[in-house]
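For the sequence shown, our numbering assigns the number 468 to the initial residue and increments by one for each residue that follows. Ideal Cβ positions, reconstructed from N, Cα and C, are used throughout, including at glycine. Before any comments, here is the structure.
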Amino acid sequence: MKFVDEFRAPELIAKAGEEIRKLADPNRHYRIMEVCGGHTHAIYRFGLKDLLPANVELIHGPGCPVCVLPMGRIDDGLSLAAQPDFIFAAFGDMMRVPGTHGSPLEYKARGMDVRIVYSPADALKLARNNPEKHVMFFAIGFETTAPSTALTLVRAKAEGVNNFSVFCNHVTIIPAIRAILDSPDMRLDGFVGPGHVSTVIGCRPYDWIAKDEGKPVVVSGFEPLDILQSIVMLLRQLRNGEAKVENQYKRVVPWEGNRAALRAMAEVFELRPYFEWRGLGFISQSALKIRESYANWDAEQRFTVPGIRVTDPKAAQCGEVLKGVLKPAQCKLFGRECTPELPVGALMVSSEGSCAAYYNYEHRKPITIANAATH
Ligand code: SF4
Numbered sequence: 468m469k470f471v472d473e474f475r476a477p478e479l480i481a482k483a484g485e486e487i488r489k490l491a492d493p494n495r496h497y498r499i500m501e502v503c504g505g506h507t508h509a510i511y512r513f514g515l516k517d518l519l520p521a522n523v524e525l526i527h528g529p530g531c532p533v534c535v536l537p538m539g540r541i542d543d544g545l546s547l548a549a550q551p552d553f554i555f556a557a558f559g560d561m562m563r564v565p566g567t568h569g570s571p572l573e574y575k576a577r578g579m580d581v582r583i584v585y586s587p588a589d590a591l592k593l594a595r596n597n598p599e600k601h602v603m604f605f606a607i608g609f610e611t612t613a614p615s616t617a618l619t620l621v622r623a624k625a626e627g628v629n630n631f632s633v634f635c636n637h638v639t640i641i642p643a644i645r646a647i648l649d650s651p652d653m654r655l656d657g658f659v660g661p662g663h664v665s666t667v668i669g670c671r672p673y674d675w676i677a678k679d680e681g682k683p684v685v686v687s688g689f690e691p692l693d694i695l696q697s698i699v700m701l702l703r704q705l706r707n708g709e710a711k712v713e714n715q716y717k718r719v720v721p722w723e724g725n726r727a728a729l730r731a732m733a734e735v736f737e738l739r740p741y742f743e744w745r746g747l748g749f750i751s752q753s754a755l756k757i758r759e760s761y762a763n764w765d766a767e768q769r770f771t772v773p774g775i776r777v778t779d780p781k782a783a784q785c786g787e788v789l790k791g792v793l794k795p796a797q798c799k800l801f802g803r804e805c806t807p808e809l810p811v812g813a814l815m816v817s818s819e820g821s822c823a824a825y826y827n828y829e830h831r832k833p834i835t836i837a838n839a840a841t842h
């Protein structure tokens, strides 16, 4: 399969592993953060950690949108949807995320009208097909998914679909990276930059990480060879004392981003002054809200939102895992009280959550030349 097989070729994977071992200075310990949850998933799924020398440590970053959403926002969304003749529509990976009184799926079991949709456009279609009900789309995601929400709102406004709204939880990646770099207990040597988000924002927004913070960034694809090549590129920069932004994922990520997508976002969204992130606290200008000109389609402007704030269960260490301070298995609840079947924290729900990825793949054998192509 084009763009898959060649990025899982066993001999190339073995070669990249060898190059990493050659480049890594045995007298140094490297801490490299993969920002994106998709990378975390691939690292565990393909057993890539086992190809790295012990002194090249991968730290899981905050790039899983379901994981960083505070429980209060889920409670807020579900409380709005408890109104009569209301349909709560969301992506499938939101369905089992626990709120204070249960997940959307549990609310559905209690009789609330909860639907899984594959896109915001599907939710809009649901509104057209159910004119007697109000359909609220619970929007989450980084810049990857925000353009499709924006375009759906443009369409809803143009068509005058008034029984549709969006509960907007879109967040932006750059302030989260800044918060991590500002965190006093965090030491990082470089970043495997997010692939999906960069298809929209491009590579330029990471310039400051290289220039001001002196940390290299390599925007990476999601296949095993992509990630290993990105680590090679990072180690090369570190060996040469360089810090620059490089694009390993050129086949998908344009350096300047996707201008049409950015225009759609600018038309519909503006930055919130601040937004709460699970595990990272309040981060200024880190999330999007719907502009006044789209108020009629903004659930938060149209309805009264309780603004619920909830602290995570005391024993749950999602915050530390999200910041990369703890590894998933170091959380006291991991694998006992908290499993993918019965999750306590969101990191155990989403396939991009580091706890779920670690739980699902930790027993997997290390990748070998023989099995690399078949995974
Ligand atoms: S194991 Fe569960 S509670 Fe612990 S950090 Fe992971 S998701 Fe959170």
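Residue nearest to residue i in terms of C-alpha spacing, selected from the options
i: P651; options: G569, V792, T611, E743; result: V792
i: R703; options: V685, L692, E690; result: V685
i: W675; options: Q550, G627, G657, V667; result: G657
i: A548; options: H527, Y574, P565; result: Y574
i: P565; options: D552, A754, D543, L705; result: D543
i: N827; options: I499, I480, H508; result: H508
i: G748; options: D589, R718, E787; result: E787
i: W744; options: T567, A782, P551, I647; result: I647
i: D779; options: A521, A625, R645, L536; result: L536
i: M603; options: T612, A623, P614; result: A623
i: S821; options: L789, C805, L809; result: L789
i: F736; options: F558, L545, V471, T616; result: T616
i: A643; options: N597, I607, S753; result: S753
i: A796; options: E486, D589, H527, R718; result: H527
i: G484; options: V664, L519, A491; result: L519
i: F770; options: R577, A521, Q550, A481; result: Q550
i: A588; options: A613, S817, P721, E478; result: A613
i: P740; options: A677, N714, A733, S751; result: S751
i: F605; options: N596, V664, T619; result: T619
i: V777; options: K592, N494, T567; result: T567
i: N725; options: R671, K781, D679, E808; result: R671
i: E759; options: A733, Y585, V581; result: A733
Near ligand 1: residue i beta-carbon under 8 Å from a heavy atom
i: P795; result: yes
i: M732; result: no
i: M653; result: no
i: Q784; result: yes
i: V799; result: The sequence given here has Lys at residue 799, not Val. The answer is yes for K799.
i: L814; result: yes
i: V788; result: yes
i: C780; result: Strictly speaking, residue 780 in this sequence is Pro, with Cys absent from that position. The answer is yes for P780.
i: G504; result: no
i: V811; result: yes
i: C822; result: yes
i: C531; result: no
i: C805; result: yes
Contact belief for residue i with residue j at Cβ below 8 Å, rounded distance in angstroms
i: I640; j: P661; result: 6 Å
i: G569; j: I775; result: With 8 Å as the limit, G569 and I775 do not qualify as a contact, their Cβ atoms being about 14 Å apart.
i: Y761; j: Y511; result: No, Y761 and Y511 are not in contact; Cβ-Cβ is about 39 Å, not under 8 Å.
i: I668; j: E610; result: 5 Å
i: M562; j: I583; result: 6 Å
i: G812; j: C785; result: 4 Å
i: E709; j: P683; result: 7 Å
i: I499; j: L814; result: About 20 Å; that fails the 8 Å criterion.
i: Y673; j: V719; result: Incorrect: roughly 16 Å between the Cβ atoms, too far for contact.
i: R475; j: E690; result: 6 Å
Simplified DSSP state of residue i, which is helix, strand or coil
i: M562; result: coil
i: L809; result: coil
i: D765; result: strand
i: D779; result: coil
i: Y585; result: coil
i: P529; result: strand
i: H496; result: coil
i: F513; result: coil
i: F742; result: strand
i: Y818; result: Checking the displayed sequence, the identity of residue 818 turns out to be Ser instead of Tyr. Residue state, collapsed to three classes: coil.
i: G569; result: strand
i: F474; result: helix
i: L466; result: In this structure the chain extends from 468 to 842, so residue 466 is not present and cannot be described.
i: A606; result: strand
i: K843; result: There is simply no residue 843 to check, as the chain begins at 468 and stops at 842 in what is shown.
i: E599; result: coil
i: G505; result: helix
i: G662; result: helix
i: E680; result: coil
i: E626; result: helix
i: E486; result: helix
i: S687; result: coil
i: C635; result: strand
i: E829; result: coil
i: G669; result: coil
Q. Per the contact definition of three or more C-beta pairs closer than 8 Å, is the region 766-783 in contact with the region 625-634?
A. Enough Cβ pairs lie closer than 8 Å, so yes.
Q | Cβ pair count under 8 Å reaching 3, the region 503-510 against the region 528-535 | A | Judged by Cβ distances under 8 Å, the region 503-510 makes contact with the region 528-535, as three or more pairs qualify.
Q: State whether the region 511-530 contacts the region 688-704, with contact taken as three or more CB pairs (one from each stretch) at a distance under 8 Å.
A: The region 511-530 makes contact with the region 688-704: 3 or more CB pairs, one atom from each, lie closer than 8 Å.
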